[in-house]
Structure formats: C-alpha cells, structure tokens
Amino acid sequence: MLRSARHLRARLRDASPERPLTQPAGGKCHNRPMRFFNTEGPVRPDNHYAIPPLDRMDVDELLDLIRTKRYFVLHAPRQTGKTSALIALRDLLNSGEAGHFRCVDVNVEVGQVARDDVAEGLRAILSSLAMSAELLGDDSLEGIWPDTLARAGANNALRQVLARWCVANPVPLVLLVDEIDSLVGDTLLSVLRQLRAGYQQRPEGFPQSVVLCGVRDIRDYRIRSSTGEVIAGGSPFNVAAKSLRMGDFTEAETRALMAQHTEETGQRFSSSALDSVWTQTRGQPWLVNALCAGTCFDNKAGRDRSRTIEVDDVYAAREELILSRRTHLDQLAHKLEEARVRRVIEPLLSDAEEPGCEVSDIGFQRDVDYVRDLGLIAPGRGIRMANPIYAEVVPRELTAAAQERLANVQATWNVDGDGRLDMTKLLRAFGTFFGEHAEHWMGRFDYREAGPQLLLQSYLQRVVNGGGRIEREYGLGRGATDLLVLWPRESGQPSDLWERFVVECKVLRDTDRKSLAWTIERGVEQTLGYMGQCGAEEGHLVVFDRRTGKRRRGGGEAGGGGRRQDGRKVAVWKL
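What the sequence shown shows, in my numbering, is residues 157 to 731, in sequence order.
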C-alpha cells in the first residue's frame with residue numbers, strides 16, 4: 157500500500173529550519189509555526205488557515221463513485237481548491253480508512269508545452285506519474301515507463317504502463333489526474349483515448365477509478381490542433397459517469413477561515429468587516445484569502461494584532477488587490493479577449509435585456525457554460541458576475557487604455573468648499589466631452605456594444621483616483637447599469653459617512669422598441685429604487701440615445717424628466 161503523503165510532509169517539516177512564531181495581541185508567543193492566508197498552491201494546514209478540502213465536498217458521493225469503479229470529472233474555476241481536494245482524497249484513500257486502495261495523483265500540466273507533439277507530451281506525463289508514485293513509496297514505475305514508451309509508442313504507452321502497474325499489484329488503483337484541460341490538441345486526445353481504451357480492463361488490469369480534474373467540464377473538451385482545426389467533435393471521454401463541480405466557500409466557511417486568524421493571533425474583525433469580505437468575494441477561495449492577507453499581513457497597520465480590522469481596511473485591501481493585477485485576476489482579465497467570453501460578458505456590460513442571440517441557441521449556451529466554468533459568472537440560473545470584485549475588475553480592464561488617455565483630458569470638476577463632490581458639474585462635463593468625442597472614443601473599445609457605459613465609467617474613474625469609490629451592479633435582464641459613487645468629504649472619514657450618488661445608465665438602440673419617454677420614466681423609477689437601497693440622496697439617470705438620426709446632446713437635464721421623492725432627487729441626462 158502507498159504511504160500517506162502526511163508522512164512525507166512530516167519529514168520535510170521536521171527537517172526545515174526554524175520558522176517564525178505567531179505574536180498575538182498580548183505579546184505571548186505560541187509554540188507553533190505562524191499560519192497565514194494562502195494564495196499560492198495547495199493548502200497546507202500546518203502553514204495555512206484552512207477549511208478542510210473534503211469538508212467542502214460530498215465525501216460519501218466521492219467514495220461511492222470510487223467503490224463502484226466509476227470514472228468521473230471534478231472541475232472548478234482556478235484557485236478554488238481542486239488540487240488541495242485531490243491531495244486530501246489521495247491521503248484518505250491511502251490511509252485505509254475508506255477501504256483497501258492505493259491512490260496516486262499526477263499533474264499532467266508538464267505535458268502542456270508539448271502541444272501536438274504526443275511523444276514529448278507522454279514522456280513528460282509518464283515521468284511525472286513515476287515521480288508521484290515514488291514520492292508515495294512505489295518506485296516500480298521508473299523501471300516500466302521508458303521501455304514501454306519506446307516499444308509501444310506514445311499513443312499506447314500510458315495504457316500499457318497503467319495496465320502493467322495494476323496487474324503487478326492486486327490492490328485496486330485510483331488515479332487522480334490534475335490539470336487535465338491544460339493539455340491541448342493531439343496530446344490531450346491521446347491521453348483521454350488511452351484512458352477510455354483501458355476502461356473495460358478495470359480493476360484487475362487498469363485503474364479501478366480515474367478522476368479527471370480541471371477548470372472546464374468534460375463537455376467543453378473540444379479538441380483542436382495548434383492551428384485551430386477541430387480534431388474531435390464532442391467529448392472523446394464518454395466513460396465519465398458524473399461531473400462534479402467544487403463550489404466556493406459558503407458564508408459560514410468564509411467566516412470560519414477568518415475566525416482561525418482571530419483565534420491564533422487575537423486580532424478581531426468587526427462585524428461589518430466580516431460582512432464585507434463575504435459580500436465582496438462571495439466566497440471565492442482565492443479572493444477570500446487574498447483580501448484577508450492584504451488586510452492582516454500586507455498592510456502595515458493591519459499587522460498590529462491589537463487593532464480591530466474594520467470595513468475600510470477591507471476596501472483598501474480590495475483596491476490594492478485590483479491595482480496589483482495579481483496572476484489570478486490577470487488570467488481572468490486575459491480571458492476577456494476570447495470571442496466566446498465577449499459574447500457572454502458584453503451584454504452584461506451593455507445593460508441588454510437579453511443577449512445578442514437567441515437564449516436557446518446551443519452555441520450561446522455553450523459559451524455561458526464555458527464562462528461559468530471559468531468562474532467569471534455566478535453558478536445557477538441567470539447571468540450575472542460571480543462577485544463584486546470581478547464586476548469591478550472587468551470594466552477596469554476593458555477601459556484601462558481609455559483611462560490612461562483620459563488622464564490627459566482636463567478635469568473640469570471639483571469639490572466645493574465643504575468638500576462635497578459636485579456630481580452635476582462632473583456629469584455636465586462628461587456630457588460635453590461625449591457630444592464632441594463619442595464616436596472617436598467608443599470605436600477604441602473591443603466591447604463596442606458596451607461603449608457608452610464603458611466610456612462613462614472611464615471618465616468617472618477619476619473619482620476613484622481622487623480617493624472615492626465606485627460600486628457597480630450589472631447583469632443580463634436588468635436593462636440598466638447601476639453605479640454607486642462614494643466620496644469622502646474629508647480625509648480619514650469612515651466610509652459609512654461618505655456621500656453617496658447613484659448613476660444609472662441606459663442605452664437606446666435601433667433595435668429597441670421602447671420610446672425615449674418610456675425609457676426615462678422607467679429609468680427614474682429604477683434609480684429611485686436603487687437610491688433607497690443604497691441610502692443615496694442624489695441620483696442621476698444617464699440615457700444614451702444611439703438610434704440612427706437622433707441628435708447627441710452635449711449635456712443638460714431633460715426638461716421634466718427629473719423627479720423628487722422623499723427628499724431624494726433624480727436628474728436626467730440625455731446624451
């Protein structure tokens with residue numbers, strides 16, 4: 157039986173140099189290594205605050221699939237905890253607590269660089285598999301795979317190596333294949349078909365159970381060559397019994413992770429700070445850890461364990477996180493360049509009531525599934541951004557170049573003598589700018605249908621650069637983009653005392669059947685409703701009339717379009 161990786165970790169831990177000790181608020185050191193919020197690689201409970209990975213899954217279901225000799229898929233967006241879950245499952249199976257199994261995990265990402273060179277890809281994968289087995293106490297593969305690859309060829313070597321390995325040892329083998337969808341072209345096709353070909357020999361002559369783990373579901377394995385040519389239509393792995401998705405942290409798990417920091421260091425989070433971490437991340441594991449790490453470790457003031465973490469600390473860490481363009485966020489931003497991602501995200505940003513194609517269109521549904529697998533949009537019914545941080549990252553990324561250019565546009569707005577933001581003056585300046593330069597600027601956006609909203613958000617970004625904050629809400633079917641602009645009247649003022657302005661955007665296009673008057677009437681009602689939710693006293697409805705032949709106005713409130721209600725007012729701008 158393979159040894160549990162816990163023994164290997166213990167040896168490495170005992171041999172490591174002395175590590176820093178945690179220093180709680182009272183100044184007393186605990187005799188244990190300091191733990192921290194993890195944002196790189198699999199979680200290690202001895203080093204990291206952690207939610208046990210298998211606690212986040214239905215372990216009974218996993219074990220039932222394995223005991224009944226099923227092959228299945230485990231998928232989730234990047235940095236959700238998939239690899240940590242595989243390691244935990246491997247250790248459980250090798251411990252004997254769940255039955256008599258031997259389990260090996262292999263990361264096949266090493267074969268990605270081979271692309272369509274199947275021989276080179278399989279050489280890397282088999283070498284990685286042998287190393288993983290050796291680390292767990294079985295060095296038998298090292299003497300099998302090189303000869304088998306040379307004799308059987310790349311398109312049969314994996315199947316033969318696994319078959320010989322299983323025949324040599326009667327203990328059922330469970331194979332966990334991590335990063336399967338990092339492989340491309342013929343290499344991916346060869347691996348999947350070899351696993352499928354050996355399926356009928358299980359468990360005596362092939363792994364009893366195989367788990368394929370990656371970002372995408374098996375349904376999205378559309379195999380293409382390096383030139384983009386489709387090699388295999390549909391899935392080449394039709395023996396998968398089930399596809400399981402690993403979810404984000406629940407709210408309780410998010411709070412439990414933060415409670416570990418409080419328990420070990422004595423540093424507390426205010427109730428509003430706890431709420432804001434959950435609200436901003438919606439439990440996305442990497443975001444939760446990155447936000448907490450930025451708040452409690454990266455920020456100098458946050459390292460004072462006697463100081464309670466407040467909601468403004470969380471928002472400051474959020475802004476730093478977005479500006480840093482860490483790999484996790486940069487990878488998501490890069491996906492915005494893909495056509496299938498644009499087909500899903502562009503209608504969200506352009507306040508469309510429905511996508512630019514039939515919702516029943518099979519191609520669009522596949523695009524939605526793909527973008528949901530990436531983690532950009534939330535699981536479940538409806539199409540909406542997965543969390544407020546992603547909702548902020550997407551328009552910022554799409555308008556980054558415009559923001560740089562707009563920095564050279566003279567700012568014609570300011571705050572008054574009391575430190576209040578003059579939103580009317582700001583929007584009037586934008587209206588003049590839009591009337592003079594709209595076509596030139598919007599032609600520069602890749603997401604052109606969302607051009608008016610993106611240009612307005614680029615212009616308003618100077619509010620953020622000046623110390624304020626913008627919170628955005630948009631989703632397919634909303635028919636509007638809602639912006640909440642927050643502004644501090646003085647430096648250091650708690651954000652719950654900041655000024656609040658609602659800016660709602662609507663666009664009229666040639667395809668719309670709604671009149672301008674109806675759009676304004678409905679928009680004012682929506683703006684007042686959003687103001688009530690946010691506690692804002694001032695609201696602005698901006699209507700971009702993009703219909704052919706309609707005059708673009710440079711700014712000004714629409715006569716009679718504004719409204720006051722319960723001390724709140726809405727100004728209407730037709731552009």
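Backbone N, C-alpha and C fix where the C-beta goes; we use that ideal spot for every residue, glycine too. All figures in this text were calculated on a predicted structure; none of them were measured in a lab.
I want to know whether the region 588 to 600 touches the region 472 to 492 - three or more CB-CB distances under 8 Å.
Taking a cut-off of 8 Å on C-beta distances, the region 588 to 600 does not touch the region 472 to 492, as fewer than three cross pairs fall below it.
With a cut-off of 8 Å on the beta carbons, I'd call E655 and L577 a contact; round off their distance for me.
Their Cβ separation, rounded to whole angstroms, is 6 Å, which keeps E655 and L577 in contact under 8 Å.
Mapping the DSSP letters down to three states, classify R618 as helix, strand or coil.
Of the three classes helix, strand and coil, the one that applies to R618 here is helix, per DSSP.
Own chain partners of I478 with C-beta closer than 8 Å, once the 5 adjacent residues on each side are dropped
L485, I545, E548, V549 and R552.
Which value, in whole angstroms, describes the spacing of the CA atoms of L339 and R375?
Distance from the CA atom of L339 to the CA atom of R375, rounded to whole angstroms, is 15 Å.
Using DSSP's beta-bridge definition, name the partner residues of W643.
W643 pairs with E655.
Three-state secondary structure assigned by DSSP to R628:
Looking at R628 - three-state DSSP - the assignment turns out to be strand.
Which residue's Cα is closest to the Cα of V444: T421, A457 and R474?
Of the listed residues, the one whose Cα sits closest to V444 is R474.
Is R352 near V323, with beta carbons less than 7 Å apart?
At least 7 Å separates the beta-carbon of R352 from that of V323.
Hey, which unbroken runs of the beta strand (DSSP E) at 3 residues or more fall wholly within the region 297 to 384?
Correct list: 329 to 334 and 365 to 370.
How about L248 and A254: are their beta carbons less than 7 Å apart?
With respect to A254, L248 sits close: the two C-beta atoms are nearer than 7 Å.
Taking the C-alpha atoms as reference points, what is the distance between L344 and H231?
The alpha-carbon atoms of L344 and H231 are separated by roughly 16 Å.
Check whether the region 283 to 293 touches the region 353 to 364, counting contact only when three or more Cβ pairs, one atom from each stretch, lie closer than 8 Å.
In short, these stretches do not touch, since the Cβ pair count stays below three.
In chain order, which continuous runs of the beta strand (DSSP E) of length 3 or greater are located wholly inside the region 208 to 236?
Considered as a whole, the region 208 to 236 harbours 227 to 231 as its complete beta strand (DSSP E) runs of no fewer than 3 residues, in chain order.
Restricting to runs no shorter than 3 residues, where is the beta strand (DSSP E) found entirely within the region 240 to 307?
If we require 3 residues or more, the beta strand (DSSP E) runs fully inside the region 240 to 307 come out as 258 to 263.
For I539, which of helix, strand or coil comes out of DSSP?
Of the three classes helix, strand and coil, the one that applies to I539 here is coil, per DSSP.
Around the Cβ of T410, are there at least 16 other Cβ atoms within 10 angstroms (buried) or fewer (exposed)?
By the neighbour-count rule (16 or more Cβ atoms within 10 Å), T410 is buried.
Contacts around A429, its chain only, beta-carbon distance under 6 Å, and the 5 residues preceding and following it disregarded:
Correct list, in chain order: I465, E466, V467 and V470.
Enumerate in chain order the residues of its own chain whose CB-to-CB distance from R724 is below 6 Å, with the five nearest sequence positions on each side excluded.
Within its own chain, the residues whose Cβ lies closer than 6 Å to the Cβ of R724, once the five positions on either side in sequence are excluded, are M687 and E693, listed in chain order.
Which one of Y615, F192 and R223 has the shortest CA to CA distance from T142?
With the chain covering 157 to 731 only, the question about residue 142 has no answer from this structure.
Three or more C-beta pairs under 8 Å: does that hold for the region 357 to 372 against the region 315 to 322?
Taking 8 Å as the limit for Cβ pairs, the verdict is that the region 315 to 322 does touch the region 357 to 372.
Answer yes or no: do I676 and V726 have a C-beta to C-beta separation smaller than 7 Å?
Contact flag unset, no.
Determine which residues share a DSSP beta bridge with Q416 and list them.
For Q416, which the question treats as bridged, DSSP gives no partner whatsoever.
Provide the residue span of the beta strand (DSSP E) that contains R522, from first to last.
Where R522 is concerned, there is no enclosing beta strand (DSSP E), although the alpha helix (DSSP H) it sits in stretches over I518 to L530.
According to DSSP, is G679 helix, strand or coil?
Reduced to three states, the DSSP call for G679 is helix.
Short of 8 Å in beta carbon distance, which residues of its chain neighbour E660, apart from the five on each side in sequence? Order them along the chain.
A636, T637, D638, L639, G679, Q682, T683, Y686, G695, H696, L697 and V698, listed in sequence order.
What do you get for D404, buried or exposed, if any count of 16 or more other CB atoms within 10 angstroms of its CB means buried?
Only buried fits D404, as 16 or more other CB atoms lie within 10 angstroms of its CB.
Within the same chain, show all residues whose beta-carbon is closer than 7 Å to that of R499, passing over the 5 residues directly before and after it, in chain order.
Around R499: F520 and D523.
Tell me, please, whether the region 201 to 209 touches the region 218 to 233 by the rule of three or more beta-carbon pairs shorter than 8 Å.
No, they do not touch.
Hey, could you find the ends of the alpha helix (DSSP H) Q475 is sitting in?
Residue identity check: residue 475 is Glu in the sequence provided, not Gln. Start and end: V467 to S480.
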